[in-house]
Amino acid sequence: MEDFSKYNGKDSILRQMQLRLLDILIEIDKICRNHDIKYWIDFGSLLGAVRHSGFIPWDDDLDIAMPKEDFERFKKIAPQEFPDNLFLQTPETDPSFQMPILKVRDNNSLFITRHEDFTKEYNKGLYIDIFIVTKYPNVNKKTRKFLLGWISKVNWFMGTKHNVTLKNHLAAISFPAIKYSCLFVWKLLCLKPKKQLGYDVKRYCPYSCAYPKEWIYPLSEVTFEQHRFFAPHQPDLYLNSIYPNFMQLPPEEKRVTHIIHVEMH
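Spelled out as structure tokens, the structure:
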């Protein structure tokens, strides 16, 4: 078996980060269980749970998903029950933060990635990403990927800082029109019966995926870093739709982190 300690060995900064993120997830899980709020670990974090029973050894973030109606309850309840070191970051709670991903931040840390905008004073602590899940219409995969891919790309572009180049300047001019055209078509498609689940098109999601409700509900549980957290009902089917051959390890050159600078207090 491969020795992964070169990535997140016991005394490494990456392992300290992972354990801090685990503490945040434990707090989120406690609130959700106490108030019957649905969530599940998602994307690379779910892959880590299934393949490694915890973090992917070189991973430095943590992802969860939450149905839209459950998040509406979570955003009212969680800030009242979080310990002082945690902060639910949305465009409403942190107006200078306009990235299209909702986050729970650790106030006692500083985590810098290549997308940070230092002209704005939003909270830059370690974070867990929250992806909002909604119902999707049954449309073919090619159409869905085209529309949602463009919407997601524009959301990400407009919410992050970029170098001043001619290419980026032209994108800033043209992207909003592309986004609203795609949104208009998507809203028309949403008049059809909604029988699948996917991610809120108003936010950013790295995968324009849709999946049957039966893959998610009823929720199951998985072991993640010796704790039990909620997961999709059929995690293997779900993961394989995003990461084909997900049990196979990527080559070493693709085992990368987001870290540029980190401080923890």
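With my numbering as the guide, the letters of the sequence shown map in order to residues 1 to 265.
Backbone N, C-alpha and C fix where the C-beta goes; we use that ideal spot for every residue, glycine too.
Given the structure is predicted, the values throughout are model-derived calculations rather than measurements.
By alpha-carbon distance to Asp236, the top candidate from Leu47, Ile178 and Lys145 is Leu47.
In the same chain as Thr257, and ignoring 5 residues on each side of it, the C-beta atoms closer than 8 Å to its own belong to Leu14, Trp58, Asp59 and Asp60, in chain order. Every beta strand (DSSP E) stretch that sits fully inside the region 220–256 and reaches 3 residues is listed by chain position as 220–224 and 227–231. Rounded to the nearest whole angstrom, the CA to CA distance from Ile77 to His35 is 9 Å. Contact check for Leu148 against Ser208 passes: the beta carbons are separated by less than 7 Å. Rounded to the nearest whole angstrom, the CA to CA distance from Thr165 to Ser174 is 14 Å.
Assignment of Thr143 by DSSP, reduced to helix, strand and coil, places it in the helix class. Judged by beta-carbon spacing, Ile28 lies beyond the 7 Å limit of Gly44, meaning their Cβ atoms are not closer than that value. Taken through DSSP and simplified to helix, strand or coil, Gly198 comes out as strand. According to the DSSP secondary-structure assignment, Phe111 is paired through a beta bridge with Val262. For Ile77, the enclosing alpha helix (DSSP H) covers residues Lys68 to Glu81. Unbroken beta strand (DSSP E) stretches of 3 residues or longer found wholly inside the region 114–182: 127–137, given in chain order. Scanning its chain for C-beta atoms nearer than 6 Å, with the 5 sequence neighbours on each side dropped, one finds around Phe224 the residues Ala49 and Gly54, in chain order. The straight-line gap separating the alpha-carbon atoms of Glu121 and Glu221 is approximately 37 Å.
Secondary structure at Asp59: coil, using DSSP grouped into helix, strand and coil. In this structure, Gly159 places its C-beta atom within 7 Å of the C-beta atom of Pro100. Between Ile37 and Phe74, the gap from beta carbon to beta carbon is short of 7 Å.
According to the DSSP assignment, Lys30 belongs to the alpha helix (DSSP H) that extends over Ile13 to Asn34.
Across the structure, Leu197 and Thr119 are spaced so that their CA atoms are roughly 37 Å apart.
Per DSSP, Leu86 is one residue of the beta strand (DSSP E) stretching across Leu86 to Gln89. For Lys68, the closest alpha carbon among the candidates His169, Glu92, Phe131 and Leu110 is that of Phe131.
Of the other Cβ atoms in all chains shown, 16 or more fall within 10 Å of the Cβ of Leu126; this residue is therefore buried. Looking from the CA of Tyr136, the closest CA among Asp3, Glu2, Glu253 and Tyr211 belongs to Tyr211. Cβ contact annotation for Gln16 (same chain, cutoff 8 Å, sequence separation greater than five): Met264, in chain order.
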